[in-house]
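Enquirer:
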Amino acid sequence: MFKRLFSLSGLVSVLILLSAAGIIYKNRVLHVPLLPKQDQDIWLVEARISYEAKGEPVKVALALPGEGWENPTEGQQISLGYGFSVEHEDGKPVGFWSAREPKNRQLIYYRVRVEEGTGRYEFQQPRSAKPPEASEVRAKGSLGVALEALVEAARQRSADDVTYVSQVQQLLKKKPDSGSFAYLQRYYEKKYPDVWEREFAMDLLKMADIACRPCLGVKLEEERGAQRHINLIEYYDRAENVWHVVLPDGGSMANIVLWTRARSMLEVYGGENSEVTFTAIKERAPAGAAERMAQSPWWIATISALPVSERAPFRYAALIPFGVLAVVLLRNLVGLVTLGTFMPVLLGLAFLELPMSAAIIMLLSMLFGGLAFRAMLSKFNLLVVPRVAACVVIVTIFMMAVSLLSYKIGAVDGLRVTVFPMIVLAWTIERMSLIWDEEGAISAIYQVVGSLVAAVAAFGMMKIEAARYWVEYFPEVLLILLAIILLLGRYTGYRLTELFRFRSAADINS
């Protein structure tokens with residue numbers, strides 16, 4: 122019995138049974154759907170607070186989401202050894218963490234869920250409330266004269282509060298070369314280093330008798346990864362009796378949610394070098410199911426129990442087995458020849474970050490440029506390690522050149538050329554050069570084409586929406602992939618390319 126259990130068929134059976142048990146449990150007990158829900162996307166936004174503790178009592182205050190969020194004070198805080206409470210300061214919710222004597226680098230996480238489309242940029246002023254008044258701006262001397270000049274110019278080109286704000290935004294966006302603007306920019310950059318545009322714009326609004334207040338937002342965008350908060354302005358439109366939320370420079374508010382109306386996001390008492398960053402990812406499972414799975418034991422919760430900032434890299438790394446399966450199928454069943462065994466998988470991961478056409482063009486340009494450089498190195502009879510190291514240097518230079526050239530011509534996709542693994546590219550150039558010398562140019566090009574086909578196939582497997590969903594909520598499916606790969610490892614029959622290769626021999630025998 123034990124011999125049968127430890128056989129290949131026994132191992133494959135165990136893997137499939139374990140995978141099926143985990144999938145059925147999550148689907149039937151935790152009610153996690155087997156496929157992603159396309160009609161309701163939920164964003165999980167996490168604030169990551171970090172600071173250096175000095176071994177003394179610490180109190181951390183983080184502004185929490187307010188109006189426009191559903192149950193904002195019911196967010197989940199993840200911190201060990203801290204007390205936590207939510208209080209309201211001037212009507213704004215603030216989360217407080219406290220500890221007696223923390224030491225070294227500390228991390229605190231706070232996460233909330235929000236449905237896509239929650240972002241609100243207009244808030245009706247209660248009719249019973251007194252209309253807000255603009256605060257006074259105390260600017261004297263040359264500073265006041267320069268501000269008055271800009272205010273008067275914006276007034277002349279506007280008809281109401283909304284168009285005046287638009288003129289101020291255009292001013293900050295274009296940054297004219299006038300002496301007045303340059304003087305004011307230097308002043309505000311020195312006084313408000315991180316938020317000078319917001320403070321500059323707010324003073325211009327206040328001097329035009331437009332009530333305004335600072336607020337902070339977060340961008341709902343997975344590709345941004347860890348991000349700082351976005352400085353916003355909320356101003357009062359007297360004609361419509363509405364508060365509008367805008368960016369100081371008039372940028373797009375798409376996918377930006379208003380996090381808080383507080384002037385500052387984070388305050389740490391008893392610590393130093395504090396910072397708060399935000400990470401937003403989509404949760405394609407219903408909020409209740411995702412929450413139940415995250416609170417389950419670790420072997421059930423898997424990566425959903427991790428902080429969002431730490432979970433994001435796994436959403437890509439866990440897709441690698443799907444790309445690996447594509448390469449195994451192409452090599453063992455189709456008979457495709459590639460440069461390296463799993464180099465196409467790493468290229469497929471890079472394709473996830475770039476448009477396909479741009480990625481292939483950049484890859485081929487670096488490969489053939491590196492090959493030309495490698496041909497020159499072959500004349501010097503270098504040892505293998507220094508030769509490959511030289512290829513790494515030249516690949517780095519090529520990446521910098523592609524980025525600079527792309528920036529100059531306005532091709533923004535080229536700025537992300539660093540998603541290609543340079544060490545893999547260097548070894549690929551070395552291997553391609555050896556094949557070129559030993560087997561000829563046709564064989565080298567054939568293997569490059571095979572590698573590109575395999576990379577595109579791996580990209581296609583990893584791009585499937587269901588695959589991305591399964592690795593996050595049903596990682597047990599990776600055990601099924603493992604079982605398939607083990608079974609393919611015993612396949613010794615003809616490959617598809619060999620059927621065409623030996624077709625003439627089959628005709629003779631018949």
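According to the numbering used here, the residues represented by the sequence shown are 122 to 631, in order. Cβ coordinates follow ideal geometry from the N, Cα and C atoms, glycine included.
What residue range does the alpha helix (DSSP H) around Leu492 cover?
Expert: Start and end: Met477 to Leu498.
Enquirer: Classify Asp281 as helix, strand or coil using the three-state DSSP reduction.
Expert: Asp281 falls in the coil class under three-state DSSP.
Enquirer: Using a 10 Å radius around the Cβ and a threshold of 16 neighbouring Cβ atoms, would you call Arg226 buried or exposed?
Expert: By the 10 Å Cβ count, Arg226 comes out exposed.
Enquirer: Along the beta strand (DSSP E) that carries Asn225, what are the first and last residues, could you check?
Expert: From DSSP, the beta strand (DSSP E) with Asn225 extends over Lys224 to Glu236.
Enquirer: Any idea if Asp298 is buried or exposed, counting beta-carbon neighbours within 10 angstroms, 16 or more meaning buried?
Expert: Classification of Asp298: exposed, given that the 10 Å Cβ count is below 16.
Enquirer: Measuring CA to CA, which of Val286, Gly300 and Arg276 is closest to Ser263?
Expert: Closest by alpha carbon: Gly300.
Enquirer: For the alpha helix (DSSP H) that contains Pro632, what are its first and last residues?
Expert: Because the chain is modelled from 122 through 631, residue 632 falls outside the range shown and cannot be assessed.
Enquirer: Cutting at 7 Å between CB atoms, please list the residues of its own chain near Ala174, excluding the five before and the five after it.
Expert: Contacts found: Pro223, Lys224, Asn225, Gln227 and Gly392.
Enquirer: Kindly give me the distance between the Cβ atoms of Val506 and Met543, rounded to whole angstroms, as I take these residues to be in contact under 8 Å.
Expert: In fact, because the Cβ distance is near 16 Å, the residues do not count as touching under 8 Å.
Enquirer: Whether or not the stretch 147 to 158 and the stretch 205 to 223 are in contact is what I'm after, with contact meaning three or more pairs of Cβ atoms, one per stretch, closer than 8 Å; do they touch?
Expert: Short answer: they don't touch.
Enquirer: DSSP three-state call for Glu404: helix, strand or coil?
Expert: Note: Glu404 maps to strand in three-state DSSP.
Enquirer: In chain order, what are the residue ranges of uninterrupted beta strand (DSSP E) at least 3 long that sit wholly in the stretch 346 to 413?
Expert: Whole beta strand (DSSP E) segments, 3+ residues: 351 to 358, 363 to 367, 377 to 381, 387 to 390 and 392 to 404.
Enquirer: Cα separation between Pro434 and Leu470?
Expert: Near 12 Å, if we compare the C-alpha coordinates of Leu470 and Pro434.
Enquirer: Are Val87 and Gly491 close, meaning C-beta to C-beta below 8 Å?
Expert: In the structure as shown, the chain starts at 122 and stops at 631, and residue 87 therefore has no counterpart that could be examined.
Enquirer: Given a cut-off of 8 Å on the beta-carbon distance, is the pair Arg432 and Ile424 in contact?
Expert: Contact: yes.
Enquirer: Does the Cβ of Pro186 have 16 or more other Cβ atoms within 10 Å, making it buried, or fewer, making it exposed?
Expert: Looking at its Cβ environment, which holds 16 or more other Cβ atoms inside 10 Å, Pro186 is buried.
Enquirer: Please give me, in chain order, every unbroken run of the beta strand (DSSP E) with length at least 3 that falls completely inside the stretch 414 to 455.
Expert: Counting whole runs of 3 or more residues, the stretch 414 to 455 contains no beta strand (DSSP E) stretch at all.
Enquirer: Consult DSSP for Tyr304 and reduce its assignment to one of helix, strand or coil.
Expert: Tyr304 falls in the helix class under three-state DSSP.
Enquirer: On a CA-only basis, which of Asn362, Ile563, Val509 and Ala410 is nearest Val634? Give me that one, please.
Expert: An answer regarding residue 634 cannot be provided, because it is not within the stretch 122 to 631 covered by the chain.
Enquirer: Between which two residues does the alpha helix (DSSP H) containing Glu320 stretch?
Expert: That run of the alpha helix (DSSP H) goes Trp317 to Met328.
Enquirer: Please list the terminal residues of the continuous alpha helix (DSSP H) segment that includes Ser200.
Expert: Segment: none, Ser200 is in no alpha helix (DSSP H) and carries neither H nor E.
Enquirer: Have a look at Asp534 and Leu468 and give me their C-alpha separation to the nearest angstrom.
Expert: So the two alpha carbons sit approximately 16 Å from each other.
Enquirer: Going by beta-carbon coordinates alone, are Val366 and Ile351 separated by less than 8 Å?
Expert: No.
Enquirer: Can you give the Cα-Cα distance for Arg169 and Ala576, rounded to whole angstroms?
Expert: Going by the C-alpha atoms only, they are around 35 Å apart.
Enquirer: With Ser128 as the anchor, note down where its alpha helix (DSSP H) starts and where it stops.
Expert: First-last for Ser128: undefined, no H or E at that position.
Enquirer: Ala275 and Val258 - do their beta-carbons sit closer together than 8 Å?
Expert: No; because the gap between Cβ atoms is not below 8 Å, this pair is not in contact.
Enquirer: Taking the alpha-carbon of Ala142 as reference, which of Ile601, Ala184, Arg616 and Gln306 has the nearest alpha-carbon?
Expert: Checking every option, the nearest Cα to that of Ala142 belongs to Ile601.
Enquirer: List the whole-angstrom C-beta distance separating Val466 from Val448, where the pair is believed to meet the contact cut-off of C-beta under 8 Å.
Expert: The Cβ separation is near 6 Å, so the contact holds.
Enquirer: Between the Cα of Gly610 and those of Tyr528, Val445 and Pro253, spot the shortest distance and give me the residue it belongs to.
Expert: Among Tyr528, Val445 and Pro253, the Cα nearest to that of Gly610 is on Val445.
Enquirer: In three-state terms, what does DSSP make of Ile331?
Expert: Correct three-state label for Ile331: coil.
Enquirer: When DSSP labels each residue in this structure, what does Lys147 get in the three-state scheme?
Expert: Lys147 falls in the helix class under three-state DSSP.
Enquirer: If you draw a straight line from the C-alpha of Met267 to the C-alpha of Tyr308, how long is it?
Expert: Residue identity check: residue 267 is Ala in the sequence provided, not Met. If I take the Cα positions, the gap works out to 11 Å.
Enquirer: What span of residues does the alpha helix (DSSP H) with Ile170 cover, start to end?
Expert: From DSSP, Ile170 is part of no alpha helix (DSSP H) but of the beta strand (DSSP E) over Ile163 to Lys175.
Enquirer: Classify Trp317: buried if its beta carbon has 16 or more other beta carbons within 10 angstroms, exposed otherwise.
Expert: By the 10 Å Cβ count, Trp317 comes out buried.
Enquirer: Enumerate in chain order the residues of its own chain whose CB-to-CB distance from Ile556 is below 7 Å, with the five nearest sequence positions on each side excluded.
Expert: Excluding sequence neighbours, Ile556 sits near Ser564, Ala565 and Gln568.
Enquirer: Report yes if the CB atom of Leu326 is closer than 8 Å to the CB atom of Cys333, and no otherwise.
Expert: Yes; because the gap between Cβ atoms is below 8 Å, this pair is in contact.
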